[in-house]
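Engineer:
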Amino acid sequence: MSNPAAHAGDAGSMKIASALKDVPVERIVGPGSDEVVKIGSFWQTQPVLIHFLRRFGCRICRGGAMDMSRAIPHLQKAGVRVVAIGLDHLGLDEFVDGGYWKGELYIDDGKRAYQGARAQVHLLLAGGLPAAL
Numbered sequence: 001m002s003n004p005a006a007h008a009g010d011a012g013s014m015k016i017a018s019a020l021k022d023v024p025v026e027r028i029v030g031p032g033s034d035e036v037v038k039i040g041s042f043w044q045t046q047p048v049l050i051h052f053l054r055r056f057g058c059r060i061c062r063g064g065a066m067d068m069s070r071a072i073p074h075l076q077k078a079g080v081r082v083v084a085i086g087l088d089h090l091g092l093d094e095f096v097d098g099g100y101w102k103g104e105l106y107i108d109d110g111k112r113a114y115q116g117a118r119a120q121v122h123l124l125l126a127g128g129l130p131a132a133l
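In our numbering, the protein residues as written are 1 to 133.
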């Protein structure tokens with residue numbers, strides 16, 4: 001028997017993916033730095049976990065990035081690509097130099113990805129995703 005909650009999460013994930021797939025982001029750290037890519041390219045070949053950073057200078061955002069960075073090797077071993085998306089360049093150099101994030105890093109200058117995810121996240125809250133998206 002299938003799990004209705006699991007299917008609801010899948011449907012919600014698909015809505016978020018649809019809302020984000022065409023949003024361009026600038027690659028800051030990772031292969032092809034300074035390249036602009038569409039978020040939909042993240043999950044073309046494997047599952048992806050997207051970690052949103054509200055502000056690079058925010059202590060809470062930095063702490064969350066450090067915590068998530070510790071999980072990156074385990075997620076990658078399981079075949080999951082892990083990327084972080086920040087909302088602007090303010091505090092970026094200090095964030096990168098401080099080593100707060102150990103994975104691919106992107107900038108969403110127009111905040112389109114963040115807004116698209118927020119608009120869809122209410123569909124997934126029952127599945128346990130944080131409301132902070």
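Glycine included, each C-beta is placed from N, C-alpha and C at the ideal position.
List the residues that DSSP assigns as beta-bridge partners of GLY86.
Structural biologist: LEU53 and ILE107
Engineer: Hey, how far is the Cα of GLY9 from the Cα of ILE50?
Structural biologist: Confidence is the limiting factor: at GLY9 the pLDDT is only 48, short of 50, which leaves the residue's position unreliable, though a coordinate-based value still follows. Straight-line Cα distance between these residues: approximately 16 Å.
Engineer: How should HIS7 be labelled, buried or exposed, when 16 other C-beta atoms within 10 angstroms of its C-beta is the threshold for buried?
Structural biologist: Because the pLDDT at HIS7 is just 39, under 50, the model does not fix this residue reliably, and the value given afterwards should be weighed accordingly. HIS7 is exposed by the Cβ-count criterion.
Engineer: If PHE42 and GLY86 are in contact, beta carbons under 8 Å, what's the gap, nearest whole angstrom?
Structural biologist: So it is not a contact: roughly 15 Å between Cβ atoms.
Engineer: What residues are listed by DSSP as bridge partners for VAL80?
Structural biologist: According to DSSP, VAL80 bridges with nothing at all.
Engineer: Terminal residues of the continuous beta strand (DSSP E) containing VAL37?
Structural biologist: Run containing VAL37: 36-38, per the beta strand (DSSP E) assignment.
Engineer: According to the neighbour-count rule (16 or more other Cβ atoms, all chains shown, within 10 Å of its Cβ), is ALA78 buried or exposed?
Structural biologist: ALA78 is classed as exposed because its beta carbon has fewer than 16 other beta carbons within 10 Å across all chains shown.
Engineer: So the alpha helix (DSSP H) VAL96 belongs to, where does it begin and stop?
Structural biologist: 92-97
Engineer: Does ILE14 pass the burial test, meaning 16 or more other C-beta atoms within 10 Å, or should it be called exposed?
Structural biologist: The identity of residue 14 in the sequence shown is Met, whereas the question assumes Ile. Residue environment analysis places MET14 among the exposed positions, since fewer than 16 neighbouring C-beta atoms fall within 10 angstroms of its C-beta.
Engineer: Would DSSP call LEU129 helix, strand or coil?
Structural biologist: Its pLDDT being 44, under 50, LEU129 is placed unreliably in this model, and the coordinates cannot settle the point.
Engineer: In or out: VAL23 buried (at least 16 other Cβ within 10 Å) or exposed?
Structural biologist: buried
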